[in-house]
């Protein structure tokens, strides 16, 4: 089965600073990878996805992520944090061979300090 | 496009009653819908997968008689929490996958907050 590890359940950055949220997956084949953001009492909003095309993926709100097969990682970055980025972020993986289930990481809560 | 709605967004009920939550794909046909449960400050836990016209597949540890799932059409799935108890209080999120897809993307609903008194 797939698994997703998000290092750091809580990350704090200053406004304007670099945001780096880590995600590692376990898979013997390149999976499909996703980053979602969740605001309080809301559902999940897709930030970006990797689907075996370009390894550097650009998403909404200035976020991007790079797929590194050798490191089995898909870290999320944003050059300059904004107060509105404060939210919960989830990394998810799905296996294109099984074609079914999403596996979610445990989430990272991002705090942006003014 | 690819919008998923859930109704109701919040529900409060008494212990022992049943609650139905609807999940609709508004602008696409969803052959597969998923139901997740999320506890405070935790990740999403898949409860069940439902395919239109067939019985849902429940994850290990999820009581199928307590969480009834019906996927009667390509745009609607319902989750009924039967004889709800306070421990069933949670945030329930559905997602839907289009009938044609190339990368398994799921589109998520806004969630339903269930509080059982």
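Residue numbers (my numbering), protein chains in the order written: chain L, 1 to 114; chain Z, 115 to 231. Here a beta-carbon is modelled for each residue, glycine too, at the ideal position from N, C-alpha and C. Nothing here was measured: the structure is a model prediction, and the numbers come from that model.
Bounding residues of the beta strand (DSSP E) (the contiguous stretch that carries residue 208(Z)):
Run containing residue 208(Z): 204-212, per the beta strand (DSSP E) assignment.
Give a yes or no on whether the C-beta atoms belonging to residue 134(Z) and residue 194(Z) are separated by under 8 Å.
Taking C-beta atoms as the reference points, residue 134(Z) and residue 194(Z) count as a pair closer than 8 Å.
Give me the chain L residues within the contact set of residue 168(Z), using Cβ-Cβ distance strictly less than 8 Å, ordered along the chain.
Neighbours of residue 168(Z) on chain L: none; closest Cβ ~14 Å, over 8 Å.
CA-CA distance, residue 154(Z) and residue 224(Z)?
Answer to the nearest angstrom: the Cα atoms are 15 Å apart.
Quick one, which of 18(L), 40(L) and 103(L) has its alpha-carbon nearest residue 226(Z)'s?
Closest in alpha carbon position to residue 226(Z), among 18(L), 40(L) and 103(L), is 40(L).
What residues of chain L sit near residue 135(Z), judged by a beta carbon separation below 8 Å?
Under the 8 Å cutoff, chain L gives no residues; its nearest Cβ is about 13 Å from residue 135(Z).
In chain L, which residues lie less than 7 Å from residue 157(Z) when you measure between Cβ atoms?
Listed along the chain, the chain L residues whose CB falls inside 7 Å of the CB of residue 157(Z) are 90, 104, 105, 106 and 107.
Is the Cβ of residue 181(Z) closer than 8 Å to any Cβ of chain L?
So no, residue 181(Z) is outside the interface.
Under 8 Å, Cβ to Cβ, is there at least one residue of chain L near residue 175(Z)?
No - not a single Cβ of chain L is within 8 Å of the one on residue 175(Z).
Near-chain Z residues of the segment 27-47 of chain L (beta-carbon distance less than 7 Å), N- to C-terminal order
Against chain Z - using a Cβ distance shorter than 7 Å - the residues of the segment 27-47 of chain L are 32, 41, 42, 43 and 44.
Quick one: give me the first and last residue of the beta strand (DSSP E) that residue 7(L) is part of.
No residue range can be given for residue 7(L), since it is assigned to no beta strand (DSSP E) and is classified by DSSP as neither H nor E.
Own chain, CB closer than 6 Å to residue 197(Z), minus 5 neighbours either side, in chain order:
So the list reads 130, once near-sequence residues are dropped.
Report the CB separation of residue 87(L) from residue 37(L) in whole angstroms; it is logged as a contact under 8 Å.
Contact check for residue 87(L) and residue 37(L): beta-carbon distance about 5 Å, within the 8 Å limit, so the pair qualifies.
Should residue 161(Z) be labelled buried (16 or more other beta-carbon atoms within 10 Å of its own) or exposed?
Of the other Cβ atoms in all chains shown, 16 or more fall within 10 Å of the Cβ of residue 161(Z); this residue is therefore buried.
Rounded to whole angstroms, what's the CA-CA distance from residue 141(Z) to residue 34(L)? Just pull it up for me.
The C-alpha of residue 34(L) is placed about 22 Å away from the C-alpha of residue 141(Z).
Extent of the continuous beta strand (DSSP E) to which residue 185(Z) belongs:
Note, residue 185(Z): beta strand (DSSP E), 181-187.
Cβ closer than 7 Å: which chain L residues qualify as neighbours of residue 142(Z)?
Chain-ordered listing is empty here: chain L has no CB closer than 7 Å to the CB of residue 142(Z), the nearest sitting near 15 Å.
Out of 69(L), 107(L) and 20(L), which has the shortest C-alpha to C-alpha gap to residue 62(L)?
For the residues 69(L), 107(L) and 20(L), the minimum Cα distance to residue 62(L) belongs to 20(L).
Would you mind sorting residue 101(L) into buried or exposed? The rule is 16 or more other CB atoms within 10 Å of its CB.
Classification for residue 101(L): buried.
Specify, as a first and last residue, the run of the beta strand (DSSP E) that residue 77(L) falls within.
Note, residue 77(L): beta strand (DSSP E), 73-78.
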